[in-house]
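Worksheet for the structure shown next.
In UniProt numbering, the protein residues as written are 1 to 247.
Structural data, given as C-alpha cells:
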C-alpha cells in the first residue's frame, strides 16, 4: 500500500493540550499500517479512549456487525475490503455510527465521494493527534443521546441503542445528514429548532456550513415521513418543529 506520511506528534505525548478526562468512549481504528496503528491507538488510549483495532476491511466489517462504537476511524486503502466498501456496507445496515476518514489523499473528489457515501468527517494525513481527538469528541457530542431512553413522536420512533428510526415498527433508512437532522428534531420535539442549530449539529469541521442544504434535508425528510403521523412544520423566521400531525 506504500508508506504513510508520518502523523504530527502532539506537544506532550499522553497529555494532549486541552484534553479532558471524560468517561471512555469506544473507538474502532481501521488501519493496516501496524506501526501507525499502534502509535495512534496508544495516543488515543492516553487520552482516555477505549480503542479496538482492525488491520483489514474484512476484520473491520465483522467487528462493526457485532460491536457498538461511539466513533469509527477509517483508512481508505485497506487489504481484502477497501475502506469505501466498509463504509457503504455499514450504512446499508442502517448503522449510523459517526465515521471519520483518515487518508493521505486530500483531493476534493475523494472527499466528496466519501462524504456522499456516508462519512461524517475527513482528515488528511499528516495531522496532529490533538486535532483528531477534537474532531472525535465533537462528533460524539453531536451523536450522543441526551438520554438513554428511546424517543417517540406519534408512530415515529428513535431507538437510542441502535440509533435507528422506525415508522410504526418499519425501519426508516436515512443518509447520515438526514438522520442527524431528524434526530435533533426528535430530541426537541414540540419545540422550535432554529436553522442555525441544525447547521451546527449536522456539518463537520471540514464542511462548508449550508443553511440551504438544511432546507433540502427537511424537504427529503418530509417526503419520507408522508406515511407517518409525525410531521415537520416550518415556523417562518424561527425554524422547524417536529410534532404529531393532529396535535
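Yeah, the Cβ is synthetic: ideal placement off N, Cα and C, and Gly gets one too.
What you are looking at is a predicted structure, and each value in this text was computed from that prediction instead of being measured.
Would you check if the distance between the CB atom of residue i and the CB atom of residue j is smaller than 8 Å?
{"i": "residue 228", "j": "residue 167", "result": "yes"}
{"i": "residue 76", "j": "residue 103", "result": "yes"}
{"i": "residue 114", "j": "residue 84", "result": "yes"}
{"i": "residue 90", "j": "residue 28", "result": "no"}
{"i": "residue 139", "j": "residue 98", "result": "yes"}
{"i": "residue 224", "j": "residue 185", "result": "no"}
{"i": "residue 67", "j": "residue 52", "result": "yes"}
Between the options, which lies nearest to residue i when the distance is taken from Cα to Cα?
{"i": "residue 222", "options": "243, 77 and 202", "result": "243"}
{"i": "residue 95", "options": "122, 117 and 50", "result": "117"}
{"i": "residue 120", "options": "54, 51, 160 and 177", "result": "177"}
{"i": "residue 35", "options": "47, 26, 54 and 48", "result": "54"}
{"i": "residue 57", "options": "71, 82 and 46", "result": "82"}
{"i": "residue 69", "options": "162, 170, 78 and 219", "result": "162"}
{"i": "residue 153", "options": "182, 130, 173 and 219", "result": "182"}
{"i": "residue 43", "options": "60, 128, 109 and 92", "result": "128"}
{"i": "residue 245", "options": "130, 235, 231 and 237", "result": "231"}
{"i": "residue 217", "options": "174, 105, 40 and 48", "result": "174"}
{"i": "residue 235", "options": "191, 220, 124 and 187", "result": "191"}
{"i": "residue 193", "options": "237, 40, 126 and 226", "result": "237"}
In its own chain, which residues sit with a C-beta less than 6 Å from the C-beta of residue i, not counting the 5 before and 5 after it?
{"i": "residue 195", "result": "211, 214 and 239"}
{"i": "residue 142", "result": "201"}
{"i": "residue 26", "result": "50, 69 and 70"}
{"i": "residue 78", "result": "32, 56 and 57"}
{"i": "residue 105", "result": "none"}
{"i": "residue 101", "result": "74, 114, 119 and 122"}
{"i": "residue 60", "result": "30, 54 and 86"}
{"i": "residue 93", "result": "none"}
Opposite residue i in the DSSP bridges: which residues?
{"i": "residue 30", "result": "54 and 74"}
{"i": "residue 25", "result": "In the DSSP output, where bridge partners are listed per residue, residue 25 has none listed."}
{"i": "residue 69", "result": "Answer by DSSP bridge pairing: none, since residue 69 is not bridged."}
{"i": "residue 167", "result": "156 and 170"}
{"i": "residue 233", "result": "241"}
{"i": "residue 124", "result": "103"}
Assign residue i to buried or exposed, taking buried as 16 or more other Cβ atoms, counted over all protein chains shown, within 10 Å of its Cβ.
{"i": "residue 32", "result": "buried"}
{"i": "residue 111", "result": "buried"}
{"i": "residue 179", "result": "buried"}
{"i": "residue 156", "result": "buried"}
{"i": "residue 189", "result": "buried"}
{"i": "residue 137", "result": "buried"}
{"i": "residue 88", "result": "exposed"}
{"i": "residue 109", "result": "exposed"}
{"i": "residue 170", "result": "exposed"}
{"i": "residue 135", "result": "buried"}
I'd like to know whether the C-beta of residue i is nearer than 8 Å to at least one C-beta of chain B.
{"i": "residue 75", "result": "Note that chain B does not occur in the displayed structure, where there is just one protein chain."}
With a CB to CB cut of under 8 Å and the five nearest residues on each side skipped, what residues in its chain are close to residue i?
{"i": "residue 233", "result": "240, 241, 242 and 243"}
Within its chain, find whatever has a CB closer than 7 Å to the CB of residue i; leave out the 5 residues flanking it on each side and keep chain order.
{"i": "residue 158", "result": "150, 151, 165, 183 and 186"}
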